[in-house]
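Numbering (the UniProt record's numbering), first residue to last: 1 to 392. Even glycine gets a Cβ: it sits at the ideal position worked out from N, Cα and C. Notes to accompany the following structure.
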Amino acid sequence: MSNPNAKTYKILIIGGGASGLFLAANLDKNLQNSTAILEKNAQFGKKILASGGGRCNITNRHISFKNYLGDVEFIKQSVSKLKFSDVLNFFSELKFSEQKDSQFFCADSSKAVLNSLLKKLKECDLYPNSEVLEVQKDKDEFIITTQNAKFKAQNLIIASGGLSYKALGSSDIGYKIAQQFCLNVQKPLPALVGFTVQKDEFWFKHLSGVSLPVCLKFNEFEFNQDALFTHKGISGPAILNASLFWQKGQITLNFVPNFSIKKLENSKKQLSTLLPLPKRFTKEFLSSQNLLDKPYDSYNQVEKAKVLKLFSYSFAPAGNFGFERAEITKGGVKTDEILPNFQSKKEKGLFFIGEILDVSGMLGGYNLHFAFASAKILSEFLNAKFSKTSAF
1 MSNPNAKTYK
11 ILIIGGGASG
21 LFLAANLDKN
31 LQNSTAILEK
41 NAQFGKKILA
51 SGGGRCNITN
61 RHISFKNYLG
71 DVEFIKQSVS
81 KLKFSDVLNF
91 FSELKFSEQK
101 DSQFFCADSS
111 KAVLNSLLKK
121 LKECDLYPNS
131 EVLEVQKDKD
141 EFIITTQNAK
151 FKAQNLIIAS
161 GGLSYKALGS
171 SDIGYKIAQQ
181 FCLNVQKPLP
191 ALVGFTVQKD
201 EFWFKHLSGV
211 SLPVCLKFNE
221 FEFNQDALFT
231 HKGISGPAIL
241 NASLFWQKGQ
251 ITLNFVPNFS
261 IKKLENSKKQ
271 LSTLLPLPKR
281 FTKEFLSSQN
291 LLDKPYDSYN
301 QVEKAKVLKL
311 FSYSFAPAGN
321 FGFERAEITK
331 GGVKTDEILP
341 NFQSKKEKGL
351 FFIGEILDVS
361 GMLGGYNLHF
371 AFASAKILSE
381 FLNAKFSKTS
391 AF
């Protein structure tokens, strides 16, 4: 099984995205000299470039386990090791502005964030266009096969991300490697993704492009953010965040969260004029309820009950837009299989960081922050490990 022609590294990282690049950038320079990153795409960090609408919402002032789906204790332990200010300090040559929901966007662009990371990797060997086909273990070394070459590594880090955004070159190789080494994987599912709708909500599709603030509720969850109607159904920040936690059943939308029901009474204005809603929305809503546009007091009791659905509209999504439109993947390598330093409990020298793990964050910089936090913790472990080795 041993291949004498394979290039040997102390550390080999599969995946040149946020977690893989941040890990390598935080390694000691002498360790970077024996580190390689294999990236399936021709371009490193494609998802970084797409994040935040091209402005990279890199972290959030209020990082908390409450903003994640996954094992609470594992998440607490991980995100507590990296403050939002640590992330900003790491990228100190760039300027960030704190915007809506306490998230930090790059004042320049996502490309500036990616370039900042790549500049810190001058000692590493970077291999684009290197899709991993197979991983094997020979004694204390991993043998990694790509379509172009073979590599050997003492430590193998899986930072290959999830299945979302196939257009950005996502891959299931990380899950396959985990299962090969007998780690349990929670079924990967699309998350931070829009909802498709059932027949009763087909009127949503006529509103494609319309956005408005809503209060969304289901079970113990509540999101006060915007909803965006699309030709497929409904999306926007409130919906995307809900999709992280929703599995099935009803959700309820208040389409006028900042408007009092009492203002409807004794007003002579037509609903489309009185309500602080896009007229296009009000027209479609009334049509869906077989109502005419007129003052609230002009409706009978049955009609008034239909109007009041604006304040509590319940529906069950048909499903979601799928991995093609999902911003992240929920599920992944189960964290009860992973040590606090992100090493597999079952296979020494095998590590998993970032989105490949069963840890998923809400919108707002939380997922990038976890990618960085997991990478930073692992970098500290590897730096300490090899500094001790070199001391003898």
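Nearest C-alpha to A178 among P190, S160, V193 and L378: S160.
Between K40 and A373, the C-beta gap is not smaller than 9 Å, which leaves the two residues out of contact. Close CB contacts of F221 within its chain, under the 7 Å cut and outside five residues either way in sequence, are with A242 and F245 (chain order).
When only Cα atoms are considered, V132 and I37 end up about 11 Å apart. Between the region 18-34 and the region 371-388 there are three or more inter-stretch CB-CB distances shorter than 8 Å, so the stretches are counted as touching. When Cβ pairs closer than 8 Å are counted between the two stretches, the region 274-288 is seen not to touch the region 326-342, the count staying below three. Around the CB of L163, 16 or more other CB atoms lie within 10 Å, so the residue is classed as buried. Contact between the region 194-207 and the region 345-361 is absent, with fewer than three C-beta pairs closer than 8 Å.
The alpha-carbon of P295 is positioned some 15 Å away from that of S260. Of the candidates I377, L363 and A375, L363 places its Cα closest to the Cα of I63. Taking the Cα of Q343 as reference, the smallest distance to any Cα among T329, N5 and E380 is reached at E380. Across the structure, F74 and S34 are spaced so that their CA atoms are roughly 30 Å apart. N60 is a Cβ neighbour of G365, given a cutoff of 9 Å. Taking a C-beta distance under 9 Å as the contact criterion, K10 and A149 do not qualify as a contact pair. Taking a contact to require three or more Cβ pairs closer than 8 Å, the region 134-148 and the region 46-60 do not qualify as touching. Sixteen is the threshold: since fewer than 16 other Cβ atoms of the shown chains lie within 10 Å of the Cβ of P276, the residue is exposed.
In this structure, DSSP gives V132 an extended state, which the three-state scheme calls strand. Shown here, E380 sits in a helix according to DSSP, grouped into three states. Assignment of T282 by DSSP, reduced to helix, strand and coil, places it in the helix class. V79 is not a Cβ neighbour of F96, given a cutoff of 9 Å. Per DSSP, the beta-bridge partners of Q186 are G332.
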